[in-house]
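Enquirer: Every position in the sequence shown, counted from 1, becomes a number in our numbering once 1 is added. Beta carbons: idealized from backbone N, C-alpha and C, even for Gly. Note that the structure is predicted; figures quoted are calculated from it, not measured. Here it is: the structure, laid out below.
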Amino acid sequence: MKIYIEKDYNALSKKAADIITDFVKKNSKCVLGLATGSTPQKTYDLLGKMYKTKKVSFKNIKTFNLDEYSGLATNNPQSYHYFMKQNFFDKTDVNIKNTFFPTDFAPNYKKYDKKIKDEGEIDLQILGIGSNGHIGFNEPNSNFFSKTRQVKLSKNTIKDNARFFKNKKDVPIKAVTMGINTIMRAKKIILLANGSNKKEAVFNALCKKVSTKTPASILQNHKDVIVILDKESAEKFTRLNNFAKSKIKI
Ligand code: PGA
């Protein structure tokens, strides 16, 4: 595990965009696993700018999104289909025919894992982390062997996501997510976190024993993970005594 601690959200996003751009330049036909949410938004913005200035092309990549709400139309501004279109697909030369979302495979979500496998697995997976330590919508106590499936969102996640909706009652309570096993099969993973509301989850994921209580802690067992944090999300992690306890090499 390689960990970068950047001074703020902009620096974190720049680091992530540079790593992704380098990767795509070297692997123009790669398969990317994509996350949504406020964390990677600026990264996508920068990737769009890199495309515009001809620093990179995404025309031959394939993409698999990590998750999507159940019951939202794809043109609903809160859907992840919409997010990806607005923030990345429409800003680059990604071929929309090569973009996939788990809800498109309803009700047989096993086909999503099969499709990922048939494409040779995900080469680079981008991940955020929930304030409860979830990855994708794999909430605490999710099985580490889980595959793509429909899940009920935890109260904590519904509360966190309410900021995107006019009324709390509009927040979907179900979603379809890649499983933890689906994510762990990715060849390389970039985990991003920013803001002090993530510091507890970051600490639990990186410094505590691997446990289903913090789904992101399973990443300690993956052989190729890059973690990019801003100072606020890294605060608890970097306190000297905890740092020494961490088994992670920086
Ligand atoms: P956020 O979500 O980027 O909107 O904070 C992260 C997540 O829940 O995985």
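(1) Do residue 13 and residue 193 have their CB atoms nearer than 8 Å?
(2) Taking only the alpha-carbon atoms, compute the straight-line gap between residue 25 and residue 78 and give it to the nearest angstrom.
(3) So with Cβ pairs under 8 Å, would you call residue 187 a contact of chain B?
(4) Helix, strand or coil for residue 68? Go by DSSP, reduced to three states.
(5) Would you say residue 10 and residue 231 are within 8 Å of each other, going by their C-beta atoms?
(6) Relative to the alpha-carbon of residue 184, which residue among 165, 217, 205 has its alpha-carbon at the smallest distance?
(7) For residue 84, which residues from the same chain have a beta carbon less than 6 Å from its beta carbon, with the 5 sequence-adjacent residues on both sides left out?
(8) Does the structure place the segment 138-146 close enough to the segment 111-122 that three or more beta carbon pairs sit under 8 Å?
(9) Going by DSSP, what residue range makes up the beta strand (DSSP E) through residue 151?
(10) Looking at the structure shown, is residue 136 part of a helix, part of a strand, or coil, going by DSSP?
(11) In its own chain, which residues sit with a C-beta less than 7 Å from the C-beta of residue 42, not counting the 5 before and 5 after it?
(12) Alpha carbon to alpha carbon, what distance is there between residue 237 and residue 201?
(13) Starting from the C-beta of residue 62, find all residues in its chain whose C-beta is less than 6 Å away, skip the five residues before and the five after it, and write them out in chain order.
(14) Could you give the distance in angstroms between the alpha-carbon of residue 81 and the alpha-carbon of residue 100?
(15) Candidates 239, 211, 207: which alpha carbon is nearest residue 144's?
(16) Taking DSSP's pairing of strands, which residues face residue 191 in a bridge?
(17) So, are the CB atoms of residue 228 and residue 4 less than 8 Å apart?
(18) Report yes if the CB atom of residue 161 is closer than 8 Å to the CB atom of residue 129, and no otherwise.
(19) Hey, would you say the C-beta of residue 49 is under 7 Å away from at least one heavy atom of ligand 1?
(20) Using only the heavy atoms of ligand 1, determine whether one of them is closer than 7 Å to the beta carbon of residue 223.
(21) Identify every run of the alpha helix (DSSP H) within the segment 46-117, keeping only runs that are complete inside it and at least 4 residues long; order them along the chain.
Expert: Looking at the atomic coordinates:
(1) yes
(2) 28 Å
(3) Included in the structure is just one protein chain, with no chain B present.
(4) strand
(5) yes
(6) 217
(7) 37
(8) no
(9) 150-153
(10) strand
(11) 88
(12) 7 Å
(13) 31, 33
(14) 12 Å
(15) 211
(16) 127, 227
(17) yes
(18) no
(19) no
(20) no
(21) 81-88
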